[in-house]
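These notes are about the structure you will find just below.
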Amino acid sequence: MNKAFVREPEFNGRAFCPRCGALGVPVEHGPLDRHIRAASRSKLGDFAWFCGYARCEAAYFNLFDAVVLTDELNAPVYPKDLNAPICACFGLGYDEVEADAQEATPRRIRELLAKSKSPEARCAALAADGRSCMSAVQELYLKLRAARSG
Ligand SMILES: [Zn+2]
Numbered sequence: 006m007n008k009a010f011v012r013e014p015e016f017n018g019r020a021f022c023p024r025c026g027a028l029g030v031p032v033e034h035g036p037l038d039r040h041i042r043a044a045s046r047s048k049l050g051d052f053a054w055f056c057g058y059a060r061c062e063a064a065y066f067n068l069f070d071a072v073v074l075t076d077e078l079n080a081p082v083y084p085k086d087l088n089a090p091i092c093a094c095f096g097l098g099y100d101e102v103e104a105d106a107q108e109a110t111p112r113r114i115r116e117l118l119a120k121s122k123s124p125e126a127r128c129a130a131l132a133a134d135g136r137s138c139m140s141a142v143q144e145l146y147l148k149l150r151a152a153r154s155g
């Protein structure tokens, strides 16, 4: 029988955190190699998912129920720890976003936006979730602005 005719279950790339049920963000080996401690790195292969839910203790997981917890990481990551840099490439953190929210113009975020388009932005390799932090930064900024005016 031709293998092409064996029907396999469709996998759409979506995976949910086994601890909290949040939709995971797919990541490749760059963030995994950088953020997971050597002793725990072998739990996951070259492809896994990041759990972006702040209050969940799971950082990474795969489809075989392997889980790497936040305390198995080399350093705390945002949003699991609000004191960790939000931007893995340039180090912008919660305090800077908060400072921008208190001023008339978001100067620091605009600078970051410009830098995020430069070759020094290496989110795919450096960020815990392998993605640009701009949406997380803007989301936090809007939240802090709303809290301030409300
Ligand atoms: Zn989770």
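In my numbering, the protein residues as written are 6 to 155. Ideal Cβ positions, reconstructed from N, Cα and C, are used throughout, including at glycine.
Exercise. Roughly how many angstroms separate the alpha carbons of Asp-134 and Ala-109, rounded to a whole number?
Worked result: The C-alpha of Ala-109 is placed about 31 Å away from the C-alpha of Asp-134.
Problem set entry | Bounding residues of the alpha helix (DSSP H) (the contiguous stretch that carries Tyr-146) | Counting along the chain, the alpha helix (DSSP H) containing Tyr-146 begins and ends at 139-154.
Exercise. When you compare only the Cα positions, how much space is there between Arg-112 and Arg-24?
Worked result: Distance between Arg-112 and Arg-24, taken at the CA atoms: about 38 Å.
Problem set entry | Cβ neighbour criterion (16 or more within 10 Å) applied to Glu-101 | With 16 or more other Cβ atoms from the protein chains shown falling within 10 Å of its own Cβ, Glu-101 counts as buried.
Problem set entry | Residues of its chain near Ile-29, where Cβ-Cβ distance is below 7 Å and the 5 sequence neighbours each way are ignored | Correcting the residue type first, residue 29 is Gly in the shown sequence and not Ile. Ala-20, Phe-21, Cys-22, Trp-54, Phe-55, Cys-56, Phe-66, listed in sequence order.
Exercise. Any chance the CB of Arg-24 is under 7 Å from a heavy atom of ligand 1?
Worked result: yes
Exercise. Under the three-state reduction of DSSP, which class applies to Leu-37: helix, strand or coil?
Worked result: helix
Exercise. Grouping DSSP H, G and I as helix and E and B as strand, with all else coil, what is Ala-156?
Worked result: With the chain running from 6 to 155 in the structure shown, residue 156 is simply not present.
Problem set entry | Where Ala-64 falls: helix, strand or coil (DSSP) | Residue state, collapsed to three classes: strand.
Exercise. How far does the beta strand (DSSP E) with Ala-53 in it reach, from first residue to last?
Worked result: 52-55
For this session: Excluding the 5 residues preceding and the 5 following Asn-79 in the sequence, name in chain order all residues of the same chain whose CB lies nearer than 8 Å to its CB.
Result: Counting only Cβ-Cβ distances below 8 Å, and skipping sequence neighbours, we find Arg-39, His-40, Ile-41, Arg-42.
Exercise. Are Ala-132 and Ala-93 close, meaning C-beta to C-beta below 8 Å?
Worked result: yes
For this session: Can you give me the start and stop residues for the beta strand (DSSP E) that Val-72 sits inside?
Result: 72-74
Exercise. If you drop the 5 nearest sequence neighbours on each side, which residues of the same chain put their C-beta closer than 7 Å to that of Leu-68?
Worked result: So the qualifying residues of the chain are Ala-20.
For this session: Please name the residue or residues paired with Leu-28 in a DSSP beta bridge.
Result: Phe-21
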